[in-house]
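Student:
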Amino acid sequence: MATKASRSAARLMMAPAVVLLLGWMLVPLIMTLWFSFRKYLPLRGGDLGWTGFDNYVRFVSSSAFWPAVQTTLVIVLGVLVITVVFGIFLAMLLDQPMWGQGVVRILVIAPFFVMPTVSALVWKNMFMDPVNGLLAHLWRFLGAEPVSWLSDASLSSIIMIVSWQWLPFATLILLTAFQSLDSEQLEAAEMDGAPKPQRFIYIILPHLSRAITIVILIQTIFLLSIFAEIFVTTGGAFGTRTLTYLIFQRVLESQNVGLGSAGGVYAIILANIVAIFLMRIVGKNLDA
Amino acid sequence: MARAVKTQRKLINTAVAWAIGLVIFFPILWTILTSFKTEAQAIASPPIFLGFDWTLENYAIVQERSDYMRFLWNSVIIAGGSTLLGLIVAVPAAWSMAFVPSKRTKDILLWMLSTKMLPAVGVLYPIYLICIELGVLDNRVALVVILMLINLPIIVWMLYTYFREIPGEILEAARMDGATLKEELLYILTPMAIPGIASTMLLNFILAWNEAFWTLNLTAVDAAPLTAFIASYSSPEGLFFAKLSAASTMAIAPILILGWFSQKQLVRGLTFGAVK
Amino acid sequence: MTMKHVLGATTALTLGATAVFADSHAKTITIATVNNGDMIRMQGYTDNFTEATGINVEWVTLEENVLRQRVTTDITTKGGQFDIMTIGMYETPIWGSNGWLVPLNGLSAEYDVDDILPAMRGGLSHDGTLYAAPFYGESSMVMYRTDLMEKAGLEMPSDPTWQFIREAAAAMDDPENDINGICLRGKAGWGEGGAFITVTGNSFGARWFDEEWNAQFDQPQWKAALEFYVNLMNDYGPEGYATNGFNENLSLFQQGKCGMWIDATVAASFVTNPNDSTVADSVGFALAPNSEGVEKRANWLWAWALAIPAGTQQEAEAKQFIEWATSKDYIELVAENEGWANVPPGARTSLYENPEYIKVPFAQMTLDSINAADPTDPTVDPVPYVGIQFVAIPEFAGMATEVSQEFSAAYAGQQSVDEALEKAQAIANEVMEAAGYK
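Chains as they are written, first to last, in my numbering: chain A, 1 to 288; chain B, 1 to 276; chain C, 1 to 438.
#1: Taking 8 Å as the threshold, find out whether the region 115 to 127 of chain B comes into contact with the region 220 to 240 of chain B through three or more Cβ pairs.
#2: Under 9 Å Cβ-Cβ, which residues of chain A neighbour Met149/C?
#3: Which chain C residues are close to Gly264/A, counting only those with a beta carbon under 7 Å from its beta carbon?
#4: How many Å lie between Glu190/A and Gln198/A at the Cα?
#5: Compute the Euclidean distance between the alpha carbons of Val391/C and Arg250/A, then round it to the nearest angstrom.
#6: Does any CB atom of chain A fall closer than 8 Å to the CB of Asn210/B?
#7: Counting only runs of 4+ residues fully inside the region 130 to 183 of chain C, write out the alpha helix (DSSP H) ranges in chain order.
#8: Tell me which residues share the same chain as Phe246/C and place their Cβ nearer than 8 Å to its Cβ, disregarding the 5 neighbours each side in the sequence.
#9: What are the boundary residues of the beta strand (DSSP E) that Val431/C is part of?
#10: Which same chain residues end up closer than 6 Å to Leu148/C when comparing Cβ atoms and leaving out the 5 residues on each side of it in sequence?
#11: Kindly indicate if chain D contains any beta-carbon less than 8 Å away from that of Val131/A.
#12: Measure from the C-beta of Trp260/B to each C-beta in chain A and report whether the shortest distance is under 8 Å.
#13: Using a cut-off of 8 Å between C-beta atoms, extract the partners of Tyr125/B located in chain C.
#14: So for Phe141/A, helix, strand or coil by DSSP?
#15: Taking the alpha-carbon positions, what's the Ala211/A to Thr233/A distance?
#16: Between Val79/A and Leu223/A, which are expected to be in contact by the criterion C-beta below 8 Å, what is the C-beta distance as a whole number of angstroms?
#17: Please list the terminal residues of the continuous beta strand (DSSP E) segment that includes Arg38/A.
#18: Alpha carbons only, please: which of Phe261/B, Thr249/B, Lys264/B and Phe229/B is nearest the one belonging to Glu441/C?
#19: Are the C-beta of Asp152/A and some C-beta of chain C separated by less than 8 Å?
#20: Quick test of the definition: if touching needs 3 or more C-beta pairs under 8 Å, does the region 374 to 394 of chain C touch the region 205 to 212 of chain C?
#21: Let's see if you can read the secondary structure: which residues bound the alpha helix (DSSP H) around Val145/B?
#22: Specify the secondary structure class of Pro309/C as computed by DSSP and reduced to three states.
#23: State the start and end residues of the unbroken alpha helix (DSSP H) segment that holds Gly87/A.
#24: What does Asp138/B reach in chain C if we use C-beta pairs closer than 8 Å?
#25: Is there contact between the region 93 to 105 of chain B and the region 4 to 13 of chain A, where contact requires at least three CB pairs shorter than 8 Å?
#26: Determine contact between the region 403 to 420 of chain C and the region 140 to 154 of chain A, defined as no fewer than three beta-carbon pairs at a distance below 8 Å.
#27: Comparing alpha-carbon positions, which option in Ser225/A, Phe112/A, Ile221/A and Val57/A lies nearest Thr171/A?
#28: Whose Cβ in chain C lies nearer than 8 Å to the Cβ of Ile43/B?
#29: Start and end of the alpha helix (DSSP H) containing Asp54/A?
#30: Per the DSSP calculation, Thr61/C is bridged to which residue(s)?
#31: Please state whether the Cβ-Cβ distance between Met115/A and Ala251/B is less than 8 Å.
#32: How would you list, in chain order, the residues of chain C whose beta-carbon sits under 7 Å from the beta-carbon of Ser234/B?
#33: Going by DSSP, what residues sit across from Leu287/C in a beta bridge?
#34: Is Val23/B buried or exposed, if buried means 16 or more other CB atoms sit within 10 Å of its CB?
#35: I need the straight-line Cα distance from Val334/C to Ile221/A, nearest angstrom please.
#36: So which of Phe248/A, Phe89/A and Ile218/A has the shortest CA-CA distance to Ile204/A?
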C-alpha cells in the first residue's frame, strides 16, 4: 500500500524526531568522548591537555569498577525479578471480580506517581531508620532486634525501594494484558481438566510474554541509570555503588571530568551490551 | 450453590487485594499522616497512627519558607510543555512508522530507545557548558526541550505500538472513498488514536514531573520546579520528618490526583502494543 | 473526568504557561545556601535587608550535598547562576586561589573586619586575602547529659581524654532504658563521618599524609584510632551508627537516647532548646577529647561562609548583602527577636565579649573549642597540608568520601579495621599519584 509519495512523506514526518534524537545523542556523546581523552580537572584550572587512554585505564583498573558493574546488574536484575513476579500475581488478583476494584487499583499504582527523591527520603527516614523508623518499631513490637537496613542489608533495601516504585508500572501493563486474555480458551482448558499450574504455564504465561518483555525493556532503561535512590539513602556506601554512581563520584565529588567521562563511555558500552541482549528478545517478541 | 462459591471467592479476593493495596499504599499514607503531626509526634515511640493533634503548622512553615506556587507552576510548565512538544514531534514520526513501515523502522525504534541508556551524570558538564554558551541556564524553555528529548523515545514507541493496532483496512477504505490525507488524519485516525495519545501524554507528564537530575542541576530560581523544592527540605539540621512529609505531600499531590483521575486512560493506553 | 478533559486541561495549562515570562532582574541578587537552621532564619529576615537597601533577594535553598554539587558545577564552568554562594572552609581557599571568588576587600569600617575571629579569618583566606565572610563558625566539643553523669557518679573534666570518654560511656550506657552511652558520626561522606574520624585520628597522633604526600593509613596511630572508635561504638553506640550523621545523632540526643555526643559546637543551641529537645536543661559541655598523652585534640574548625563568585553582575549589591548578613547588627537583630542562644555563633570576637551572650551556657566552651583548633598545625607530626578535618586540596572531597565509605563498611561489620585501612591506603595513594603529588 505504500507508494513512493507516501514513503517520502513518511520520511519527512519521521525526520524531526530522528534529527532531534540524533543531536541529543551525538552532541553529548562526542563531548564525552572528547573529555574522556583529556585531563580535565575543573578545580585545577580546567582542561589540562591530552592524556591518551589514561582515563580509560585508570577507570577500569580502579578497585571500584568491577564491583560497581556487578552492583548495577544485581540491582537491575533484582528489581526486574521482583516487579515481574509480583506484578503477575497482582495483575492476576486485580483481574478477579471484587468489591472496590477501582480503589484498589488506585492504591496499587500510587507509588508510580511519587518522585524518586521523595520515595527514597521517605523510606530512608520514616521506615528504614534503625531507631525511629516504622520498621524498627514493628521489629521491636515483634520482639526482634531492629535491623540497620541501609548498612546491613543495603543492596536489598535499595532493590526494595526501587521495586516499590516500579511495581505499579509492571502491574498496570500486565493487567492490560490479562484483560485481553481469551476467557473462552481458559474455560475450555478448565473443562478439559487442565490443572491450574498447567493452565498458567501453557495459556497465561505465553499470552503475557509480550507484556513481560515490554516491562523488562522499559524498566531496564530506567533502572540502569537509577541515581536518586542511592544518592539519598547510602551515598554509595555499603556496596551500593552502581556504575552511574561511580561516574557521579568521579565527575562531581572528585571533580575529575576526564575520568568520569571515560566512565561514561564504559557505561554506554555496558548499556549497549544489555540493550543488544534485550533487543534480541524484544525484537523477537515484537515481531508478532 | 455456585453463586455462594462465587461470592465467597469474591470476598476472599476483595480482602486479599485490599490488604495488599493498603500495604503498597501505606508509605504514601504514612507520609500524608505525618505531615499533619508536630515534629515531636512524628518521631514518637511507639508511633502514633491517628490519635494525634492534627495540625497544619508544617504546611504553613513550608509555604512561608518557599513559595510553593512558583515551584508548582514551573513543574506544570516544564512537564506540560515537554509533553506537548514531544507529541508534536512524535505523532508524525510514530504515524509514519506505523503506517508506512520500512525495513529500517524497527532498527530506528530500537536505536531511539537505546539513546535513553546514556547515564545523565556523565554528560552533566558538557550539557552545562552548552547551556552557558546558549545562555539558557535556569530557563524553562531549555528544560522543556531537554525533558522532551529525554522522553521522546518512549513517546514515539508508545504511539507507534498504539497506532499499529489501528487496522489499516479502515484507512484504505477511506481512501477508496476519496478521503484526502487531511481528512484521513482528522476524521478517522485521530478519534481512534485519542486513547493512545491521552495515555502517552499522561505517562510522559508523570516521567517529566518526576525527573530530578536535569531539573535540579540546570535551574536556580526562575525555572526551579518541585524537585528543587524537595531538595530544600531533605535532611536539614534538627527534626524534620513532619516538615519533610508536608513538603513531600505538596510535591506529589498534584501528580497523584491527576494520576488517580486519569488512571483508566493510563491503563488503556499503557499497552505498548502488548495486547493483541 | 474523561480523557477529553485530561487532554484539554493539560493543553490549556501548558499554553497558558508559555505566555508567562520570567520577571526582570532589576537589582535582585540570587543566593545559594544550605538548608541549615541559621540560614533559614536569615531568610526570614531578608525583608529587613530589602527595606533598608531596596535590593531584592532570591534564595536557592538546597540540602548540603545537592548544594555542593550545584555551586561547584556553576563556579568551575563560570555559569554565573548565583551572586552569592554559601561555601565552607574547605572550598574557600581553593576557589580563592583559582581566582573564582571576589576578594572581600574594602569592607566598611562599620563592618569591622578585624572583629572576625582570627581562626575563622585565617581559614577563609588565601595568601592573606579574605574570600568569604563567616556567617557562623564551629568547632567540635563533647555534649553530655549532666543528669546521667551524676547518676553514674562521674564528673566530666573540662578537657576529657578518650579513655575517660569510654569509661563514661560504659557507665551511662543503659540499653533497657534506651540510652546509648555515646553517639558519634559514622555516616560515609567526607563532611560527615569522614570529618569525625579524621579529627579522631588527629587526637591519636595520626595524619592523612606525611610531608612527601605518602598516605599514612598503614601507620599504627590510624589503627589505634579506628580500633578505638569501632570498639567504643560497638559497645556503647546506637544501633546502625554506621549510617548516622550529624542530623541523625542530633535527633537521638534530643530524644534523650545518648549519654554523650561529640559533634559540632552549633548543635549546642539545638540540644538546649526546650522546644525541640527533651533534655534541654541537663546538657553539659567539654572540650573534644584527646588520647592520653597526645597533644592534639579532636577539635575541628569549620565555617559556613558567604562568598561572591567572580564575574557576577551584582558585585556591589552582593557585598552589601554579605556586610548585612555577617554584621554585628544582624547578630543583634536575631538576639532581639529570638534570644541570644539563637544568634549565629563562632564568627565574631565581639560576640564573645558581649556580657549577655557569655551567659549562654555553651558560649565559653564554643570559643575555647574554636581557639583550640589550628588549621595550620592540625596534627602531631608535620603535614604538607592545611586543614584539620580535611586536607585543603581539590582532590580531597572525592578521596575522603571513598575512604570514609570503607570505614563505614568497617563500622557496619562488613570488613575488618585492617581491611578498611588497607583499602584507604590504596585509595589515597592512587589519588595522589593520579593528581601528580608524587
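Beta carbons are placed, not taken as given, at the ideal position from N, Cα and C, and that holds for glycine. The model shown is predicted, which means the values in this text are computed figures rather than measured ones.
Tutor: Concretely, from the data shown:
#1: no
#2: Here residue 149/C refers to the residue found at position 149 when the third sequence is read from its first residue. Ordered by position in chain A, no residue passes the 9 Å Cβ test against Met149/C, which lies about 22 Å from the chain.
#3: Position 264 of the first sequence, counted from the first residue, corresponds to residue 264/A. Within 7 Å Cβ-Cβ: nothing; Gly264/A doesn't reach chain C, min ~16 Å.
#4: By 1-based counting over the first sequence, the position of residue 190/A is 190. By 1-based counting over the first sequence, the position of residue 198/A is 198. Each residue's Cα considered, the two are about 10 Å apart.
#5: Locating residue 391/C in the third sequence gives position 391, counting from the first residue. Locating residue 250/A in the first sequence gives position 250, counting from the first residue. The straight-line gap from Cα to Cα measures roughly 18 Å.
#6: Counting from 1 along the second sequence, the entry for residue 210/B is found at position 210. Taking Cβ atoms only, chain A reaches closer than 8 Å to Asn210/B, which makes this a yes.
#7: 146 to 152 and 162 to 172
#8: Locating residue 246/C in the third sequence gives position 246, counting from the first residue. Excluding sequence neighbours, Phe246/C sits near Arg185, Glu192, Asp263, Ala264 and Ala267.
#9: Taking the third sequence and counting its residues from 1, one reaches residue 431/C at position 431. Where Val431/C is concerned, there is no enclosing beta strand (DSSP E), although the alpha helix (DSSP H) it sits in stretches over Val417 to Ala434.
#10: Within the third sequence, the letter at position 148 stands for residue 148/C. Excluding residues within five positions, the ones whose Cβ falls inside 6 Å are Met172 and Gly259.
#11: The chain inventory of the structure shown lacks chain D, comprising the protein chains A, B and C.
#12: Sequence index remark: in the second sequence, residue 260/B carries index 260 (1-based). Chain A, which has a Cβ nearer than 8 Å to the Cβ of Trp260/B, makes this yes.
#13: Your numbering for residue 125/B matches position 125 in the second sequence. Within 8 Å Cβ-Cβ: Thr73 and Thr77.
#14: As a working note, residue 141/A is residue 141 in the first sequence. DSSP places Phe141/A in helix when its eight states are reduced to three.
#15: Counted from its first residue, the first sequence places residue 211/A at position 211. Counted from its first residue, the first sequence places residue 233/A at position 233. The straight-line gap from Cα to Cα measures roughly 31 Å.
#16: As a working note, residue 79/A is residue 79 in the first sequence. As a working note, residue 223/A is residue 223 in the first sequence. Sure, about 6 Å apart at Cβ, within 8 Å.
#17: Residue mapping note: residue 38/A aligns to position 38 of the first sequence, counting from 1. Where Arg38/A is concerned, the enclosing beta strand (DSSP E) stretches over Arg38 to Leu41.
#18: Outside the shown range of chain C, which is 1 to 438, sits residue 441/C, and nothing can be said about it.
#19: Along the first sequence, one-based indexing puts residue 152/A at 152. With 8 Å as the cut-off, Asp152/A counts as an interface residue toward chain C.
#20: yes
#21: Translated into positions along the second sequence, residue 145/B becomes position 145. Looking at the DSSP string, the run of the alpha helix (DSSP H) that includes Val145/B is Arg140 to Arg164.
#22: To locate residue 309/C, count along the third sequence from 1; it is residue 309. Pro309/C: strand per DSSP, three-state reduction.
#23: Numbered from its first residue, the first sequence carries residue 87/A at position 87. Phe65 to Asp95 is the span of the alpha helix (DSSP H), which, as asked, contains Gly87/A.
#24: Translated into positions along the second sequence, residue 138/B becomes position 138. Residues of chain C passing the Cβ test: Gln81.
#25: yes
#26: yes
#27: Residue mapping note: residue 171/A aligns to position 171 of the first sequence, counting from 1. Residue Phe112/A is the option with its Cα nearest to Thr171/A.
#28: Translated into the one-based positions of the second sequence, residue 43/B becomes position 43. Within 8 Å Cβ-Cβ: Ser251 and Gln255.
#29: For the purposes of this step, residue 54/A is taken as the residue at position 54 of the first sequence. Residues Asp54 to Ser61.
#30: What you label residue 61/C is simply residue 61 of the third sequence in a count that begins at 1. DSSP output for Thr61/C lists Thr33/C as bridge partner(s).
#31: Walking along the first sequence from the start, residue 115/A turns up at place 115. Walking along the second sequence from the start, residue 251/B turns up at place 251. The answer is yes: Cβ separation under 8 Å.
#32: Taking the first residue of the second sequence as position 1, residue 234/B is located at position 234. What Ser234/B touches in chain C: Glu63.
#33: Start at 1 with the first residue of the third sequence, and residue 287/C comes out as number 287. For Leu287/C, which the question treats as bridged, DSSP gives the partners Met141/C.
#34: The sequence position of residue 23/B within the second sequence is 23, counting from 1. The residue is exposed, with fewer than 16 neighbouring Cβ atoms inside 10 Å.
#35: Here residue 334/C is taken as the residue at index 334 of the third sequence, counted from 1. Here residue 221/A is taken as the residue at index 221 of the first sequence, counted from 1. Cα to Cα, Val334/C sits roughly 51 Å from Ile221/A.
#36: Here residue 204/A refers to the residue found at position 204 when the first sequence is read from its first residue. Nearest of Phe248/A, Phe89/A and Ile218/A to Ile204/A, Cα basis: Phe89/A.
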